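Notes for the one structure printed next.
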DNA sequence: AAAATTCTGTGATATTTATCACATTTTAAT
DNA sequence: ATTAAAATGTGATAAATATCACAGAATTTT
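Residue numbers (my numbering), protein chains in the order written: chain E, 1 to 233; chain G, 1 to 233.
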């Protein structure tokens, strides 16, 4: 781990405009963060945070994708969301009991920054506007997650897979052509079906010309049809 | 609707200690709220807020129960949570787009207070500690909801009904003996099954001596067994 | 108190989807 | 390059649960 304040590259200013919660921060505050962070590279498949561990740092994801998940009592993984670049990790837990409630694992190689939580808690208490911004972003995000989850749970397998494809195409990659960083089993864990069903539905979509898929490379060919399937539930 | 500041009963002080988000407020702030609220009585089955409407007031629930729900594209209701007395309604939406995202309907007769949202936004911006309190309470609550939801979705019908019973017994009524303010259909909408399955499972629990049920009156007789069923999924 | 509406229970049936078992392919490790 | 391990596809089967149809209760309205 490298003390970032010594380096000239990767200043926080570089990340500020990427629509993260800190985009409304002033220069002084940005410098404060800049002086209290550590950068780190994390390799694919590494476990980042464990459930139940106390939180000492917020993790800012500079590049790469992370899965947030839990393990249910019967040992199955349930993926809750994919954390995207220029987003924070573990923010929501910060204001509750300061215990991390989920598991995080790197889906790809990552570049991250660790920022001590005191930096944030101090700024929140001293800067009302910043507090309000954070409050907005936390509640918006949790509302989004909740909605996505409700949506999923009202759908049958076909609708779920369709929605997952739209999610990756729109939210994660902003492209109809992408390489999904998940195995079939992980997709299943994300939408709440079995590995086999996931594969079957994906093949069916492929045969019907809705998508073309080869391994993890996916191309969405008929987004209207996919939207329709997703709507039907 | 009655301007409450004219009355001496029902001052905000009365509600302060009921473990709501405002329990850490000072006297001045409490008075501010006190001077900017309206009380209202709402009858059972009344719709309180519609999805999509802009939020102008936070609603503090002084007594009674409210269901928070959405209507999915195929017209089915999905109950998200039961709002308990001495809790706020619509708080989470306040900090995002200020649009209400859910539907709210009175399960029982209610006593509520309407408080203009500016009162809260002003206090948040001027009082960092209050902002932090609100932040904590909002994220804790949304985390709870999320967890409850994830838990449910990992279970089969038996487990879901068991969990629902435990939820009412522990969280809502703090008693093993209660009258559930929901129809069978609403229970089904809450746990994500069909009306018929709900009834069947409830009868089965009754026949096995785990609960005794007659209409909406429920008594939990074997909580250990219920917990076990809920755990198994 | 009667009528109307809503709610509930029950059996039969259809649908959906998980599970199992095994062959094949792909990816990672030595 | 070879071996080992992980991931994927496919058919057969079983399990879970929704749906339908209707009768009887309970609740609300007039």
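Yeah, the Cβ is synthetic: ideal placement off N, Cα and C, and Gly gets one too.
Being a predicted model, the structure only gives us computed values, none of them experimental.
The beta-carbon of residue 136(E) is placed less than 8 Å from the nearest beta-carbon of chain G.
Taking residue 141(E) as the centre and dropping the five residues before and after it, the same chain places no C-beta closer than 7 Å to its C-beta. Taking the Cβ atoms as the reference, residue 79(G) lies roughly 5 Å from residue 189(G), within the contact range of under 8 Å.
Sixteen is the threshold: when 16 or more other Cβ atoms of the shown chains lie within 10 Å of the Cβ of residue 37(E), as they do, the residue is buried. The alpha-carbon of residue 204(E) is positioned some 15 Å away from that of residue 194(E). In the three-state DSSP reduction, residue 204(G) falls in the helix class (H, G or I). Segment contact: the stretch 151–158 of chain E against the stretch 122–136 of chain E, fewer than three CB-CB distances shorter than 8 Å; contact not assigned. Within the same chain, 187, 190, 191 come within 8 Å of residue 164(G) by CB-CB distance, once the 5 residues on both sides are set aside. Against chain G, a Cβ distance below 7 Å from residue 101(E) picks out 143. By the Cβ-count criterion, residue 123(E) is buried, with 16 or more other Cβ atoms from all chains shown falling within 10 Å of its own Cβ. Cβ-Cβ separation between residue 53(G) and residue 100(G): approximately 5 Å, consistent with a contact (criterion under 8 Å). DSSP lists 77(G) as the beta-bridge partner residues of residue 71(G). With respect to chain G, the C-beta atom of residue 40(E) has no partner C-beta closer than 8 Å. With respect to chain G, the C-beta atom of residue 188(E) has no partner C-beta closer than 8 Å. For residue 125(G), at least one C-beta of chain E is nearer than 8 Å to its own C-beta. Per DSSP, residue 178(G) is one residue of the beta strand (DSSP E) stretching across 177–179.
The Cβ of residue 67(G) sits no closer than 8 Å to any Cβ of chain E. Taking 8 Å as the threshold, the shortest C-beta distance from residue 153(E) to chain G falls below it. At a beta-carbon threshold of 8 Å, none of the residues of chain E lie near residue 161(G); the nearest stands roughly 16 Å away. The criterion of a C-beta distance shorter than 8 Å is not satisfied by residue 171(E) and residue 106(E). Identification of chain E residues near residue 72(G) by a Cβ-Cβ cut-off of 7 Å yields 154, ordered along the chain.
The beta carbons of residue 60(G) and residue 112(G) sit closer together than 8 Å. Secondary structure of residue 161(E) (DSSP, three-state): helix.
Among the residues facing chain E, residue 120(G) is not included, as its CB has no counterpart in that chain under 8 Å away. Under a 10 Å Cβ-count criterion, residue 46(E) is classified as exposed, with fewer than 16 other Cβ atoms of the shown protein chains found around its own Cβ. 179(E) is the residue among 179(E), 224(E), 201(E) whose C-alpha sits nearest the C-alpha of residue 215(E). In the three-state reduction of the DSSP assignment, residue 37(G) falls in the strand class. Runs of the alpha helix (DSSP H) lying entirely within the stretch 93–162 of chain G and spanning at least 4 residues, in chain order: 117–126, 128–153.
For residue 226(G), there is no enclosing beta strand (DSSP E); the enclosing alpha helix (DSSP H) has its first and last residue at 223–232.
Within the DSSP secondary-structure output, residue 87(G) pairs in a beta bridge with 61(G). Judged by DSSP in its simplified three-state form, residue 214(G) adopts strand. Counted as a single uninterrupted DSSP element, the beta strand (DSSP E) harbouring residue 49(G) occupies residues 47–49. Looking at the backbone, the Cα of residue 217(E) and that of residue 183(G) are separated by about 48 Å.
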